[in-house]
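One structure is given below, encoded as structure tokens.
In the numbering used here, the protein residues as written are 4 to 242.
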């Protein structure tokens, strides 16, 4: 897993907002936090963005961004708890964006449940959204990936076996799911060896989001800028 260094609807147009090739980026969980940060980053870079979340009609920040960037930001519904819909969604997406240069698997859930309160449903739902859904979405978008393309899975230091993050904290299902997500990225990287598809698992660090809390040392912009640079570096190496 890569570690962070501390310190409206319709077809998208093909006109570039800046010199150089314009990328088309799919971002899941784009309504807040890191996902929203990625949307802002790629729009500022002049790229085209397909931003998804469960209820885009209530995502005020995304709606405002779409109004400010007409035609370059497309909002669509995608619920990571409904992976059986992914194949149909990918077919529809192809009519909207033609192809995808980068896919950022950001959507996830982080339930807090101490050992005395562990429930099977908590583990099942967490693994569904954080592991199974990214795996099946990656499979679904393969036919619409460009050449080259990058799949970036947003992981967490909590998923590290080498450097475990405070096992006393009640985020066991989340930590386990992120460890599994790291293995998913590892398996896909091996599966795509020799092909122009790069796979990354990125640790954003401790970030000031709803999940990370106000005490986190990193801003969303700092974390996203760092991860986007890593994605761009791997993307250029895929040619």
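C-beta atoms are modelled at their ideal positions from N, C-alpha and C, and glycine is treated no differently.
Quick caveat, the model's predicted, so the values are computed rather than measured.
- 8 Å or more divides the Cβ of residue 53 from the Cβ of residue 34.
- The alpha carbon of residue 189 has as its nearest neighbour, out of 205, 146 and 60, the alpha carbon of 205.
- A residue is called buried once 16 or more other Cβ atoms fall within 10 Å of its Cβ, and residue 62 is buried on that count.
- When secondary structure is reduced to three states using DSSP, residue 110 falls in the coil class, being assigned neither helix nor strand.
- Every unbroken stretch of the beta strand (DSSP E) spanning 3 or more residues and falling wholly within the stretch 14–90 is given here in chain order: 27–30, 51–56 and 76–80.
- When the beta-carbon positions are compared, residue 137 and residue 187 come within less than 8 Å of each other.
- With a threshold of 16 other beta carbon atoms within 10 Å, residue 58 falls short and is exposed.
- Remark: C-beta atoms of residue 173 and residue 124 do not approach each other more closely than 8 Å.
- Rounded to the nearest angstrom, the gap between the Cα atoms of residue 43 and residue 73 is 14 Å.
- By the beta-carbon neighbour count (other beta carbons within 10 angstroms, threshold 16), residue 176 is buried.
- The stretch 154–167 makes contact with the stretch 191–208; the number of CB pairs closer than 8 Å reaches 3 or more.
- Assigned with DSSP and collapsed to three states, residue 194 falls in helix.
- Cβ neighbours of residue 120 within its own chain (closer than 7 Å, five residues either side excluded): none.
- Put simply, of 106, 231, 134 and 162 the residue whose alpha carbon is nearest the alpha carbon of residue 150 is 106.
- For residue 156, the enclosing beta strand (DSSP E) starts and ends at 148–157.
- Restricting attention to 31, 70 and 51, the CA atom closest to the CA of residue 25 is found in 51.
- In the three-state DSSP reduction, residue 140 falls in the helix class (H, G or I).
- For residue 219, no alpha helix (DSSP H) segment is defined, and its DSSP state is neither H nor E.
- Secondary structure of residue 233 (DSSP, three-state): helix.
- In summary, residue 193 is exposed, with fewer than 16 beta-carbon neighbours lying within 10 Å of its beta-carbon over all protein chains present.
- Per the C-alpha coordinates, the member of 60, 100, 148 and 108 positioned closest to residue 83 is 108.
- Looking from the CA of residue 208, the closest CA among 236, 163, 171 and 199 belongs to 163.
- Of the candidates 78, 93 and 146, the residue whose Cα lies closest to the Cα of residue 32 is 78.
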